[in-house]
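Okay, so here's the structure we're looking at.
Residue numbers (my numbering), protein chains in the order written: chain A, 29 to 142; chain W, 9 to 125.
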């Protein structure tokens with residue numbers, strides 16, 4: 029079985045400040061890791077993913093996440109946030125076993141304040 | 009434009025009624041999924057289908073049913089047996105990848121918000 033824990037349900041931050049959204053996972057097999065973003069009343073959009081190779085992955089809009097196997101973490105960071113980054117962010121894990129279900133965390137609401 | 013459409017966007021249902029949520033994709037994806045989203049609980053998998061005429065129960069399948077008669081379509085029926093159906097429902101699709109592995113990116117539709125009156 030696998031699980032995902034997002035430690036913060038709400039993260040308020042001022043515009044142009046840095047932000048870190050935390051994600052920890054547990055799994056008995058090797059995993060693939062994802063961050064999705066959801067704007068109000070919309071579906072989810074893939075922000076970035078770790079499948080293999082370099083442990084630091086980046087998105088096109090300035091977010092990055094680092095896969096840390098020893099700490100079983102995949103925290104999402106951005107050095108300077110914008111008002112438009114206000115959204116809910118979901119961390120998800122896909123195990124490499126036969127079940128292969130995508131398991132989501134409970135989400136973190138990022139609110140960027142002017 | 010390729011993508012996933014869900015209809016209706018908002019749906020109201022009286023207690024005891026069955027309702028069907030539509031999900032259509034023109035991405036030529038083999039795999040399709042239904043998730044339920046409740047505040048503070050993230051997404052939970054209801055059903056998924058890896059190929060036409062085949063589907064599997066997810067974590068919370070009780071009170072729901074699906075069909076997969078066409079590659080493009082994966083409708084979800086919320087039956088009267090579902091005790092707490094008010095939620096936001098999301099449909100997704102993905103390619104199957106090599107050897108049937110479901111490791112590829114899932115693309116999501118815009119969702120249907122179901123409210124039971």
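We put the beta carbon where it would ideally sit given N, CA and C, even for glycine.
Check: Measure from the alpha carbon of residue 51 (chain W) to the alpha carbon of each residue in W:34, W:66, W:91, then state which is nearest.; Outcome: W:66
Check: Interface residues of chain W around residue 77 (chain A) at Cβ under 9 Å?; Outcome: 113
Check: According to DSSP, what are the bridge partners of residue 69 (chain A)?; Outcome: The partner list for residue 69 (chain A) (beta bridge, DSSP) is empty, contrary to what the question assumes.
Check: Below 8 Å, can you find three or more Cβ-Cβ pairs linking the region 66-86 of chain A to the region 35-44 of chain A?; Outcome: no
Check: Is residue 46 (chain W) helix, strand or coil when you go by DSSP?; Outcome: coil
Check: Could you name the residues of the same chain whose beta carbon sits closer than 6 Å to that of residue 87 (chain A), not counting the 5 residues immediately before and after it, in chain order?; Outcome: 75, 76
Check: Is there a Cβ from chain W that is less than 7 Å from the Cβ of residue 101 (chain A)?; Outcome: no
Check: So, using beta-carbon positions, are residue 85 (chain W) and residue 120 (chain W) closer together than 7 Å?; Outcome: no
Check: Name the chain A residues that come within less than 9 Å of residue 118 (chain W), Cβ to Cβ?; Outcome: 69, 70, 71
Check: In three-state DSSP terms, what is residue 59 (chain W)?; Outcome: strand
Check: So, using beta-carbon positions, are residue 102 (chain W) and residue 92 (chain W) closer together than 7 Å?; Outcome: no
Check: Spatial neighbours of residue 37 (chain W) within its chain, please: C-beta separation below 6 Å, excluding the five flanking residues on both sides.; Outcome: 101, 102, 103
Check: What does DSSP give as the partner residue(s) for residue 96 (chain A) in the beta ladder?; Outcome: A:101
Check: Please classify residue 56 (chain W) as buried or exposed, where buried requires at least 16 other C-beta atoms within 10 Å of its C-beta.; Outcome: buried
Check: State the Cα-Cα distance for the pair residue 107 (chain W) and residue 75 (chain W), rounded to the nearest angstrom.; Outcome: Residue placement at residue 107 (chain W) is flagged as unreliable, the pLDDT there being 47, under the threshold of 50; a coordinate-derived value is accordingly withheld.
Check: Residue 12 (chain W) by DSSP, collapsed to three states: which one?; Outcome: strand
Check: For residue 112 (chain A), which of helix, strand or coil comes out of DSSP?; Outcome: helix
Check: So which residues on chain W does residue 42 (chain A) lean against when the C-beta distance must stay under 7 Å?; Outcome: Simply none; closest approach about 25 Å.
Check: Please state whether the Cβ-Cβ distance between residue 124 (chain W) and residue 32 (chain W) is less than 7 Å.; Outcome: no
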